[in-house]
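Each step along the sequence shown adds one to the number in the UniProt record's numbering, with nothing skipped, and position 248 is 248.
All C-beta atoms, glycine included, are put in the ideal place defined by N, C-alpha and C.
Here the structure is a predicted model, which means the values were calculated and not measured.
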Amino acid sequence: MLALLGLLVPLAIHLWNRRPGRTVRVGSVRWLAASANRRLRSLKLEQLLLLLLRAAVVAILAVALAGPAWQRPAPPARGQVLVSPELLTSMNIPSVRPLVDSLRRKGYEVSRLERGFLLISAEEWTALLAPPASTDSLGTTETAFLWARAEQAARRFAERPVHLLTSARLADLQGTRPNLPPNLTWQLIPTADSGAWVQAAAFSGSDKLRLLIGRSDEEKTTFRATSVARPAADGALTVPDLSGLRYETSPTGQVVVRLAADSAGTPVQRAAPRLWVYYAPDQAEDARYLGAALRAAGSGLLVPPVITVSAVAPTSTDSLAWVFWLSDAPMPAAWKARVRQGLIWWQQAPAPGVATTASFGPPGAEALIPLLRRAKATTLPPSATVWADGTGQAVLSRRAEGRGQVYKLHTRLNPAWSGLPDSPELPALLLDLVQPATPSLSLARNDYRIAAPAQIQAAIQPRLAAAQNAPQPAAKPAADTFTNLRPWAVLLAGLLFAVERLLAQRRPISSSVSTA
């Protein structure tokens with residue numbers, strides 16, 4: 001308000017700088033004195049537009065100093081319906097239409113349960129309701145996708161009711177289960193109830209093809225190995241209870257077994273993997289235990305591996321998948337190059353080691369495996385722990401080198417070092433290592449087991465009875481939005497000042513009075 005007093009300044013200047021009176025050519029002092037006195041006595045406002053412009057410039061600058069802002073009330077908080085991407089592209093999306101339409105009429109917004117929670121407009125929702133083309137399996141995204149996204153949605157919409165609609169597949173609910181707030185409602189939508197696929201394939205001899213057939217339904221996933229005649233050329237494969245299977249050769253020479261609806265196909269393993277166990281004389285007993293465990297593990301593979309246990313070291317030109325190096329000697333330079341090309345190397349702890357009282361408990365084991373000695377603590381290259389003892393120290397670690405890997409057993413397969421040689425768990429532990437890697441995404445997209453609703457409800461924290469009876473605090477209203485108008489006020493003042501300067505420079509032409 002004090003700044004508005006500045007309006008008196010242009011008014012005073014305007015009155016003082018009045019246009020001078022007209023010159024009277026009569027040469028009379030009496031007339032000149034009268035003209036001067038009239039200027040002081042008659043303070044009339046002239047050039048009113050110029051005065052108003054100057055006053056407006058000062059008034060707008062005064063308002064700009066006050067920091068004007070446009071206050072807009074925040075829109076009311078609306079509930080959220082979040083639909084998972086795999087459900088949006090499935091055949092089951094029309095089945096959730098009545099529920100979603102009902103929630104939309106109540107003011108809920110519909111968004112995607114993905115990064116950014118992108119809003120689905122009414123037109124897009126109508127287009128999504130058209131049934132997509134039928135597929136044998138649903139796409140699956142990252143591991144622990146739904147748990148992580150549900151937790152993120154609960155944090156983002158903490159003050160609103162949130163309704164999640166996702167598929168009921170157990171494969172989408174892997175990972176750590178978070179604690180979710182009670183404002184979240186999670187509904188599982190059943191998808192396709194069963195499916196079959198080829199998990200692995202390999203040649204067996206010259207005339208057989210071994211297939212590992214996977215089957216999954218709402219309750220379980222099972223695998224069955226079967227053998228069929230090896231086709232002489234590309235074409236259909238006849239497998240009981242699995243139609244649409246084809247045998248194909250790619251332009252690169254890779255043979256694949258493909259279901260009609262599977263664009264990727266399953267590559268066929270051409271030969272049985274070869275494993276070589278080399279041992280130094282002081283580790284002959286370790287080699288005997290390791291060879292027996294590998295043979296037991298090989299019976300669980302689609303094609304049993306070829307295992308060689310020898311005191312003679314293999315040559316770097318041998319076609320091997322694994323080398324078990326039971327010797328204190330370091331890895332030869334020639335084998336380092338092979339590892340970078342894809343070979344897998346195994347080496348155990350060197351003698352003499354140090355005593356320990358730790359134990360190792362594999363998942364599902366009935367008894368702990370004692371560890372009696374382990375390798376001395378040394379600085380090792382960065383590696384990942386594969387097996388860990390009860391104290392968290394690595395029993396088996398792995399590090400990648402090029403396309404291959406190096407496994408380091410921090411104890412030995414010797415009764416004087418550990419209970420691993422006598423453990424019935426050793427073949428199963430080795431089987432997990434030597435079997436061909438199966439992409440987890442490929443296995444998950446064919447897993448049709450469904451999650452129990454109780455598993456979801458256990459993650460949502462219930463309100464305490466006392467809290468339910470107590471009056472709930474009102475949700476905090478969203479803050480109003482303010483738009484700063486000071487830059488616009490300064491811009492307007494500048495424009496008016498420019499107009500004022502143009503008008504001020506246009507002086508009226510004095511009219512001269514000619515004498516007769």
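- Leaving aside the five residues that flank Trp346 on each side, the residues in its chain whose CB is nearer than 6 Å to its CB run, in chain order, Phe324 and Tyr407.
- Looking at the backbone, the Cα of Ile369 and that of Ala416 are separated by about 13 Å.
- Segment contact: the region 296-316 against the region 421-432, three or more CB-CB distances shorter than 8 Å; contact assigned.
- In this structure, the CA atom of Leu49 is about 34 Å from the CA atom of Phe482.
- For Thr126, the uninterrupted alpha helix (DSSP H) run begins and ends at Ala122 to Leu128, by DSSP.
- Under the three-state reduction of DSSP, Tyr108 is assigned to coil, being neither helix nor strand.
- Annotated as distal: Arg399 and Ala349, with beta-carbon spacing of 7 Å or more.
- Counting of Cβ neighbours within 10 angstroms places Phe157 among the buried residues, the total reaching 16 or more.
- Within the region 209-247, complete beta strand (DSSP E) segments of at least 3 residues are found at 221-229 and 235-239, given in chain order.
- The C-beta separation of Ala168 from Ile450 comes to about 4 Å, placing the pair in contact by the 8 Å criterion.
- Straight-line spacing of the CA atoms in Ser204 and Val303 works out to 7 Å.
- Just so you know, the alpha carbons of Ala62 and Arg78 end up roughly 40 Å apart.
- Distance from Tyr278 to Pro305 at the Cβ level is roughly 16 Å; contact not present, criterion being Cβ atoms closer than 8 Å.
- The beta-bridge partner set that DSSP reports for Pro370 consists of Ser359.
- Distances from the CA of Ser216 to each of Asn92, Val198, Met331 and Val228 were compared; the closest alpha carbon is that of Val198.
- Secondary structure of Phe117 (DSSP, three-state): coil.
- In this structure Asn414 is not in contact with Pro424, their Cβ atoms being roughly 17 Å apart against a cut-off of 8 Å.
- Annotation for Arg403: Arg340, Gln341 and Gly342 place their beta carbon closer than 7 Å to its own, counting only its chain and skipping 5 residues before and after.
- Under DSSP, Ser194 shares a beta bridge with Asp217.
- Nearest to Pro85 by C-alpha distance, out of Pro68, Trp125, Val58 and Ala64, is Trp125.
- With respect to Val81, His163 sits close: the two C-beta atoms are nearer than 7 Å.
- Spanning the alpha carbons of Gly419 and Leu371 requires a straight line of approximately 6 Å.
- Assignment of Gln455 by DSSP, reduced to helix, strand and coil, places it in the helix class.
- Going by DSSP, Ala384 is part of the beta strand (DSSP E) stretching over Ala384 to Ala388.
- Excluding its 5 nearest sequence neighbours in each direction, Ser359 has C-beta neighbours in its own chain below 7 Å: Leu368, Ile369, Pro370, Leu371, Asp389 and Gly390, listed in chain order.
- Taking a 10 Å sphere around the C-beta of Glu151, we find 16 or more other C-beta atoms and assign the residue as buried.
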